[in-house]
Amino acid sequence: MKKDRGQFREIWRRLRKNRAAMIGLSIIIVVVLLAVFADVIGDYHEVALKVNTSNKLQPPSLSHPFGTDIFGRDVLARIAHGARLSLSIALITTLASFTIACFFGAAVAYWGGWFDIIVMRICDLFMCIPGILLALAIIAALGTSKVNLIIALIIASLPGNIRFIRSLNLTIIEQDYIEAAKAYGASDFRVIVRHILLNALGPIIVQATMNIASIIISTASLSFLGMGVKASEPEWGSMLAESAEFLRTKPFLTLIPGAAIVFSALAMNLLGDGLRDALDPRLRT
Amino acid sequence: MNTILEVKDLSVEYRTDLETVHAVNGISFSLHRGQTLGLVGETGAGKTTTALSILRLLPKPTGVVTAGEILLEGVNLLDLSDAQMKALLGEKMSMIFQDPMSALNPIMKVGEQIAETLILHGAPHQTKKQVEQRVEETLELVGIPAFRKNEYPHQFSGGMKQRVVIAIALACQPHLLIADEPTTALDVTIQAQVLAMMSELRNKLDMSMIMITHDLGIVAQVCDDVAVMYAGEIVEYATTEQIFSPGAHHPYTTGLFGSIPDLKGGTKRLTPIEGLMPDPTELPSGCKFHPRCPHKMAQCETVPPPTVAFENHLISCHLYTGQAEGGLK
Amino acid sequence: MSVLVETKNLKKYFSVEAGVLHAVDDVSIQIREGETFGIVGESGCGKSTLGKTIIRLQEATSGEVLYKGENIHALKRRKMKELRRDLQIIFQDPYSSLNPRMNVLQIITEPMVIAGLSGREAVEKAKHLMEVVGLAARLEGVFPHELDGGRRQRIGIARALSVDPTFIVCDEPVSALDVSIQAQILNLMMDLQEQRNLTYLFITHNLAVVRLISDQIGVMYLGQCVEIAPTDELFERPLHPYTKALLASVPVADLSMRHRQPEVIRGEISSPVNPIPGCRFAPRCPYVTPLCTEGDIPLKDMGGGHSVACTLY
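Chains as they are written, first to last, in my numbering: chain A, 1 to 285; chain B, 1 to 329; chain C, 1 to 313.
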């Protein structure tokens, strides 16, 4: 296992040389720190949720570094709790979506035949509908809640992910070591997990990183439309919606959640790009 | 016989921020008009690098010629500008690569690909009809019926594709053709066809050829002279007759011959060279073959071997020090 | 010596867009215990498919493969899984035949763990095997991409040996290697055969290699086995026009063929999809007669274990 660490060190060494990826990673660390220390910045119920109209629309100051919104809530605290919300939704969705996609993608690639045809045609069907519309329709049917939002986002991202993992695995299945494993009697499950998925891990991690970015944007978009989380909750998209009417007078209020969305999505994409280059086997010696 | 190509003391390195690969280390050879020189050696011996340096096609910026001269008909290619070099490629020399599949543009008809070379180099003043005729002649030359000029590469088999590649290389009747393992990707019966055709064309066009190969059978069949390369050096340089005759040889050459099974039978076990090719980033001191050599002596580890000349047969090995008939070179 | 593996009218067809690809078409060979049966042929002749069908990595379209007298293509899944250990394979490409995410020790131990050995036993045996195939003990934790082709091929051999097989399909095991390394691996394989009484099906396009290692040779052309003979007999008295052409095409590494053009056979290998009836070599054959394409040409016994499928005889 000592050598294993060597491989990771090599990837980290290449990643570190990629300036864009490092900028992305720094932004992600800031966002993660905001999410982790959200309660230190301001209590969820007392600071981020409680309406205090006497304090509304304050300009930035020492006690409120980003000012306060129309209901007198501290914007920084809301951004921090929003980071916690966005990141957790994005992480849960991506993890669930990729776990399901890994097994379906690997299974259809490995067994092929009718199973493959049926699963892929269903994916095609879902992919005819733009992801965000599909998510909207699902939420409209299930009702607005965090859980339903996550379910909708998983379903919307699943067809694309299955297709991605299937095509990735098809090239791995061609390799002789798969045949060798069958020749010494490895079970199908072992072949899929240890020989196929393990080798697809690099590209899957890259794709998952990019997926997190798109989920952050989707969450914000849906919340902006009022179809994501509850309106009062500190979500970046709903903060954007609330402050939209003050765009002329208090542009700051719109800019801050906007920047949070754009920069965290951008950062994820930069990191994903960098990871792809760092993991690229063609550059490997 | 006049010399067409002379390589003097050529050294090439590949430099990355991590390491420096010493791919070619001070090799010299010359080639006469109408002759074929075989460059023989295993993976990493520096054969392809030598060819790419002659054509000035080393990957940039990693590949660097650190020393030496390459004289084509008396002109040092390393002094030429990129534009001058471009004009020379195709017209005076061409190269055939191992993989015919990737050497052709899949979305261009083969006739157009040959015509392109002709227009770029051969004669820009030619009319369309003349070019067309030259294309047909060139295709016939490599044994492809002229009517196939309107087909795309994917419609050709592997052997036929390699013929097209050769047709493109020969379209402007270059003086020097460098063939890098031109038949390795082909089946034996097809290889025989292509080799026969190449030898015939060489005689017909009075061309000089550098044949890069790892197959000693091909050397015996088509080459006049042979340079055996190991770790970026020419360890033995001789005529084909000398290489295939018993007598003084570099231990590596002997090892190569011991490694190939005899088609005529009789061998029960091979006598391979022990060990592996040295790491080109960290070449051994002294003679680069010494870690694998069965005749290793004390000085082999520290002193680079002298090149000993038995008339025109050159061997770089301590074993033959002082034995040369023509004296040290 | 007894016959260990035998194929009877083995066929493997694939349906492709253009029709039916006859990869292996009615091949019947007998492989004797402890011997090497060489299969030679050019690309696309179905030699790899034959090897994989014999150990049932591919299901046969029809015909039988008898291992110790039992048709393995009729075996139930459970029984087949047990038998897998007896029938192993070594691949051509030392780069794609090893899982890049597993280190040397993991690669060699996995088949043994599946076979039911305890982790410790497997590691012990793997270390011993590494020594047998000439891999230094310090390479245990190394990943395949850090090694050269020759060492990787040794790992592939150790992996195949780990389950103590009796029969190994060697699918061009030295074609991707440099000559000096190729010789090392060939010697290793011959030594292992002697020490462990292994039976090989050795698939290659290299005639010199097949001559060195084989006791019997089958020549394949477009899915059919056109000639079978003991090694020296085949090289000294080739009968089929294709075998003759093949032998004449190989550049010989000595001065005997110097500046003599070999007899070049015209034409190219045709498609194995919907092939013509009769002899597949007929379109290139200098001795072709109308008889050649009329119907199937069975292998004819010419005595001394030499048989040929040709209308000339």
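For glycine and all other residues, C-beta sits at the position ideal for the given N, C-alpha and C.
Counting only Cβ-Cβ distances below 8 angstroms, Asp93 (chain C) has contacts in chain A at Asp176, in chain order.
For Cys225 (chain C), the uninterrupted beta strand (DSSP E) run begins and ends at Gln224 to Pro230, by DSSP. Taken in chain order, the whole alpha helix (DSSP H) runs of length 4 or more contained in the segment 64-127 of chain A are 75-111 and 113-127. For a Cβ distance threshold of 8 angstroms, residue set Glu42, Ser43, His205 and Ile269 of chain C lies close to Asp187 (chain B), ordered along the chain. Proximity of chain A to Ser118 (chain C) at the Cβ level (cut-off 7 angstroms) is not reached, the minimal Cβ distance being about 17 angstroms. For Lys250 (chain A), no alpha helix (DSSP H) run applies, since DSSP gives it neither H nor E. Within chain C, the residues whose beta carbon sits less than 9 angstroms from that of Gln191 (chain B) are Ser249, Val250 and Pro251, listed in sequence order. For the C-beta of Leu198 (chain A), the chain C residues within less than 7 angstroms are, from N- to C-terminus, Arg101.
Cα atoms of Phe167 (chain C) and Ile155 (chain A): separation of roughly 49 angstroms, rounded to the nearest angstrom. Listed along chain A is no residue with a C-beta nearer than 8 angstroms to that of Lys125 (chain C); the closest approach is about 14 angstroms.
According to the DSSP assignment, Ala152 (chain A) belongs to the alpha helix (DSSP H) that extends over Lys146 to Ile173. Here DSSP, grouped into helix, strand and coil, assigns Arg134 (chain B) to helix. The beta carbons of Glu140 (chain C) and Val104 (chain C) sit about 6 angstroms from each other, so the pair counts as a contact at 8 angstroms.
DSSP places Asn203 (chain B) in the uninterrupted alpha helix (DSSP H) bounded by Val188 to Leu205.
Per the C-alpha coordinates, the member of C:Thr293, C:Asn274 and C:Ala60 positioned closest to Leu21 (chain C) is C:Asn274.
Within chain A, no residue has its beta carbon less than 7 angstroms from that of Arg78 (chain C); the closest one is some 11 angstroms off.
Around the C-beta of His45 (chain A), fewer than 16 other C-beta atoms lie within 10 Å, and the residue is accordingly described as exposed.
Taking CB atoms only, His195 (chain A) has a neighbour in chain C less than 8 angstroms away.
Fewer than three pairs of CB atoms, one per stretch, sit closer than 8 angstroms, so the segment 222-242 of chain C makes no contact with the segment 205-216 of chain B.
Collapsing the DSSP output to three states places Tyr152 (chain B) in coil. Counting only the Cα atoms, Ile218 (chain B) lies some 28 angstroms from Gly223 (chain C).
Taking all protein chains shown into account, Val40 (chain C) has 16 or more neighbouring C-beta atoms within 10 Å of its C-beta and is therefore buried. The beta carbon of Phe143 (chain C) lies closer than 7 angstroms to those of Pro100 and Asn103 in the same chain, with the five residues before and after it left out. Contact between Gly41 (chain B) and Val228 (chain B) holds, since their C-beta atoms are separated by about 6 angstroms, short of 8 angstroms. It is roughly 57 angstroms from the alpha-carbon of Phe224 (chain A) to the alpha-carbon of Glu151 (chain B). Secondary structure of Ser259 (chain B) (DSSP, three-state): helix. The three-state reading of DSSP puts Asn274 (chain C) in coil, since its state is none of H, G, I, E or B.
Among the CB atoms of chain C, none fall inside 8 angstroms of the CB of Gly112 (chain A). Annotation for Asp191 (chain C): the continuous alpha helix (DSSP H) segment containing it runs Val179 to Arg196. If you draw a straight line from the Cα of Leu319 (chain B) to the Cα of Leu129 (chain C), it is about 38 angstroms long.
Taking every protein chain shown into account, the CB of Asn169 (chain A) has 16 or more other CB atoms within 10 angstroms, so this residue is buried. Per DSSP, reduced to three states, the secondary structure at His318 (chain B) is helical. Contact of Gly150 (chain C) with chain B by beta-carbon distance below 8 angstroms involves Leu276. In the three-state scheme derived from DSSP, where H, G and I count as helix and E and B as strand, Leu21 (chain C) is classed as strand. Taking 8 angstroms as the CB threshold, Ile89 (chain C) lines the interface with chain A. Looking only at A:Ile117, A:Ala183, A:Ala48 and A:Ile172, the smallest Cα-Cα distance to Asp86 (chain C) is reached by A:Ala183.
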